[in-house]
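See below for the structure under consideration.
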Amino acid sequence: MTRRTEESNRRMLRVRDAMDRTYAQPLDIASLARIACLSPTHLIRTFRAAFGETPHRYLQRRRVERAMYQLRATDRSVTDICLDVGFTSLGTFSRTFSGIVGESPSAHRRRGPLPDVPTCFAMRWTRPSGPVERSFGERG
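Mapped onto my numbering, the consecutive letters of the sequence shown carry residue numbers 759 to 898.
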């Protein structure tokens with residue numbers, strides 16, 4: 759791996775970590791590009807090459823992942839969960855959730871509470887599928 763590739767990967771990991779930490783906050787490409795010290799267009803291109811999806815799609819998937827857990831682990835309303843994970847519209851949340859998970863938030867909640875297993879296993883079992891092959895040796 760060249761030094762340039764390694765530096766690019768580090769920048770993308772910083773961006774991904776920032777999205778993971780602040781997924782519920784309003785994030786835009788310009789602020790993420792500043793984290794990576796890249797132009798917004800170059801960030802999108804490089805992020806997609808590294809992780810197999812755009813930053814926007816990654817952030818949506820992360821938010822849905824958090825919502826999936828809250829829907830089954832709490833009795834909070836779907837609207838509260840929608841706002842808590844960073845969506846500003848219930849319609850957008852429902853459409854995005856259904857597109858990623860394959861069922862509505864309410865249908866997902868009806869599956870019942872999560873089993874009593876370590877959280878890391880529960881999160882892996884319930885994680886929505888993403889791209890099949892990713893960089894950095896990850897598999898979806």
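Ideal Cβ positions, reconstructed from N, Cα and C, are used throughout, including at glycine.
- The beta carbon of V822 sits closer than 7 Å to the beta carbons of T854, F855, I858, V859, P886 from its chain, once the five residues preceding and following it are set aside; these are given in chain order.
- The C-alpha of H814 is placed about 21 Å away from the C-alpha of E861.
- Here Q818 is buried. Its C-beta has 16 or more other C-beta atoms within 10 Å.
- L796 sits in coil when the DSSP states are folded into three classes, being neither helix nor strand.
- In the assembly as shown, C840 is a buried residue. Its beta-carbon has 16 or more other beta-carbons within 10 Å.
- Assignment of alpha helix (DSSP H) within the region 824 to 871, counting only whole runs of 4 or more residues, yields 836 to 842, 848 to 859, 863 to 867 in chain order.
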